[in-house]
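Trainee: Here it is: the structure, laid out below.
Numbering (my numbering), first residue to last: 1 to 699.
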């Protein structure tokens, strides 16, 4: 390619006839190759000047051309100008434009021709400019660079304009209706609600567009839900569960239809008092079927759409509802408060701020936990410190704007949530439209909130890991509560059956004693004793009007079975040797179920066992965050786990420095050791193997 380019430049330079301008035609070539071409042209000119005695510039240029052309005759006399011109014309023709056509000849005496008979003078046509040659390297480099710039710019900027799945759904007919219209409907659903506002909201919720999105059956089910809200708020039922029963039935049917149609939405009902009824709406990121042994659960990870002033729980399962709801906003908030700073800057994992000078068992635990947990998260989820720093900076920037608005009198505060709630976004939008300094602050907060999708995306796998652990713990607790209640119900039934049998046996013995008394003439009825003034001797059998013995316990000689009656309220005795150990510190089904769910999660094969263990340690040591019995149950379970790990054992409520030291050491154990010790601890405490959990994501 370079040889042909050099020949082209020399051929065009020979037409010019100036050796000093020989490199000018090289300007048409790729700038990347241009210096090399010019160098080859100069070298050919220098060689040609030594091979001929003719000094004419055009002759030297022709000789230079012929000297490097592969088809030039080696025997050509380079001093013979005619021969050189002939050879050059033949070989240079492919490099030069074709010669112009000769002008037509005019006849003699044409100067006497009448002017009108002459042809019009031809316009001057300049010679064509040489076409620019292909620039293979520079063109490619420019194109690649431009594509890279556009690609990087698109990757950075475009996501800001590409809506998230949540944003896309909230702009659909149903998603839009589940926002302000549902909020207005529920807010006016009570006895004192505005009927006109409720009717207007209902019209939006039952529009043709909504029906088209969810189908006729789904729309009919939604209408039943809407009908049930005011009915539940006006219900005269004795209990709240009875009052909202029809509403929950309608909600379960609607949620089932939405799931079957793959519509990412879920509705949830809540009520208290006499009678406040809420129906909240969620965009669903993920649905899953979970089995804990033989107990099925349906789980939905969601974000709120409505504006109702009803706080979410992190995880919630209504007694009558089919779905367990995981609030992703709460999971985001927990991650930001607990794990973001350790990931970003290796700050100690603790609710308190520690400095480098702080010492003690708690400080050491927090520092060692940071090292192992953040390393585990970065390995399993690929989140980096830079990702965490970027998100932390964005949240801080947004919170600065929110604090500024709060100082201006707005009812708003800083938040650890990644995305602001729908109600907050709508409030900021109104503030932005009012103008002034506050509008600027509101605009900054909204702009940062819109860009959170960029900052949060690399962090979402780590948040999902935390969410799965908490979901598994919660479902394990629900399964254990159900199992324990069924066991207690069976024990109560067995107790009642034994009591009935004891009474029947006592009654039989009484009948035998009664027959013997009749034969002996030592019988008195209560009527006879009262009416006839008969004296009942001490120890005599008295028959009551209903025919039951008056003192069966004394007659039978039985004083009870050693366990107080009363079902769930009866006291639990100390366990016998080999019995489950958990009985010795808690008779609460809730506490036992929470501890079982936490420990079972730790015993299962998972990608982040140290994070799961840290969640237990954090809950056991943060006594103010939970009830003392719940934290104590977790602490005692951990004490047993530490014993299985060879780190000591604790059988008392509360924690001390030795406990904290053992917790730090446990976190540094290998995942295999932690899982195996947790499985042994579960069997030791609960007397059975760890429940099998399977999770299937629904598409």
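Note that the Cβ used here is the ideal one computed from N, Cα and C, for glycine as well.
Only a predicted model underlies this, so the values are computations on that prediction, with no experimental measurement involved.
If you follow the alpha helix (DSSP H) that residue 495 is in, where does it begin and where does it stop?
Mentor: 460 to 520
Trainee: Kindly confirm or deny that the region 359 to 373 and the region 610 to 621 touch, where touching means at least three C-beta pairs closer than 8 Å.
Mentor: yes
Trainee: Cβ atoms of residue 287 and residue 300: under 7 Å apart, would you say?
Mentor: yes
Trainee: Per DSSP, residue 693 forms a beta bridge with which residues?
Mentor: 292
Trainee: Among the residues of its own chain, which have a CB less than 7 Å from the CB of residue 404, if the five just before and after it don't count?
Mentor: 441
Trainee: Touching or not, the region 184 to 191 and the region 210 to 218, by the rule of three or more beta carbon pairs under 8 Å?
Mentor: no
Trainee: Go ahead and pull the three-state DSSP assignment for residue 16.
Mentor: Helix, per DSSP.
Trainee: As a quick exercise: from 593, 355, 218 and 323, pick the residue whose alpha carbon is nearest that of residue 484.
Mentor: 593
Trainee: Between which two residues does the beta strand (DSSP E) carrying residue 272 extend?
Mentor: 265 to 272
Trainee: If you run the structure through DSSP and keep just helix, strand and coil, what is residue 661?
Mentor: helix
Trainee: Would you mind working out which of 368, 268 and 336 sits nearest residue 324, comparing C-alpha positions?
Mentor: The residue with the shortest Cα to Cα distance from residue 324 is 268.
Trainee: Can you tell me where the beta strand (DSSP E) with residue 614 in it begins and where it stops?
Mentor: That residue, residue 614, is in no beta strand (DSSP E); its alpha helix (DSSP H) goes 609 to 621.
Trainee: By Cβ distance below 7 Å, which residues in the same chain neighbour residue 376 in space, the five residues on each side in sequence not counted?
Mentor: 608, 610 and 611
Trainee: With residue 441 as the anchor, note down where its alpha helix (DSSP H) starts and where it stops.
Mentor: 436 to 450
Trainee: At 4 residues or longer, and completely inside the region 176 to 236: list those alpha helix (DSSP H) runs for me, N to C.
Mentor: Counting only runs of 4 or more, we get 180 to 187, 195 to 205 and 208 to 233.
Trainee: Are there 16 or more other CB atoms within 10 angstroms of the CB of residue 171, so buried, or fewer, so exposed?
Mentor: Exposed.
Trainee: So, helix, strand or coil for residue 298, using DSSP?
Mentor: strand
Trainee: Given a threshold of 16 other Cβ atoms within 10 Å of its Cβ, counted over all protein chains shown, does residue 409 qualify as buried or as exposed?
Mentor: exposed
Trainee: Beta strand (DSSP E) containing residue 316: first to last residue?
Mentor: Its beta strand (DSSP E) spans residues 315 to 317.
Trainee: Measuring CA to CA, which of 73, 471, 635 and 510 is closest to residue 326?
Mentor: 471
Trainee: Would you tell me roughly how many angstroms separate the C-alpha atoms of residue 381 and residue 462, rounded to the nearest one?
Mentor: 6 Å
Trainee: Using the beta-carbon count (16 or more within 10 Å), is residue 597 buried or exposed?
Mentor: buried
Trainee: Which value, in whole angstroms, describes the spacing of the CA atoms of residue 703 and residue 311?
Mentor: In the structure displayed, the chain extends from 1 to 699; residue 703 sits before or after that span and is not available.
Trainee: For residue 98, tell me which candidate among 12, 436, 416 and 640 has the shortest Cα-Cα distance.
Mentor: 12
Trainee: Counting Cβ pairs, one atom from each stretch, are 3 or more of them under 8 Å apart for the region 333 to 344 and the region 288 to 308?
Mentor: no
Trainee: Measure the CB-CB distance between residue 599 and residue 678 and report whether it falls below 7 Å.
Mentor: yes
Trainee: What does the Cβ neighbour count give for residue 631, buried or exposed, with the cut at 16 atoms within 10 Å?
Mentor: buried
Trainee: Three-state secondary structure (DSSP) at residue 325?
Mentor: strand
Trainee: Where do the ends of the alpha helix (DSSP H) carrying residue 377 lie?
Mentor: Per DSSP, residue 377 belongs to the alpha helix (DSSP H) from 361 to 381.
Trainee: Of the choices 322, 319, 329 and 320, whose alpha-carbon is the least far from that of residue 313?
Mentor: 329
Trainee: CA-CA distance, residue 415 and residue 399?
Mentor: 7 Å
Trainee: Quick check: the Cα distance between residue 88 and residue 18, rounded to an integer number of angstroms?
Mentor: Taking the straight line joining both Cα atoms gives about 16 Å.
Trainee: Might you give, ordered along the chain, the residues of its own chain that have their beta carbon closer than 6 Å to the beta carbon of residue 420, omitting 5 neighbours on each side?
Mentor: 449
Trainee: Residue 322 and residue 252 look like a contact to me (Cβ under 8 Å); what is the Cβ gap, rounded to whole Å?
Mentor: 5 Å
Trainee: Helix, strand or coil, according to DSSP, for residue 166 in the structure here?
Mentor: helix
Trainee: Under a Cβ-count criterion, where at least 16 other Cβ atoms within 10 Å of its own Cβ denotes burial, should residue 407 be classed as buried or exposed?
Mentor: exposed
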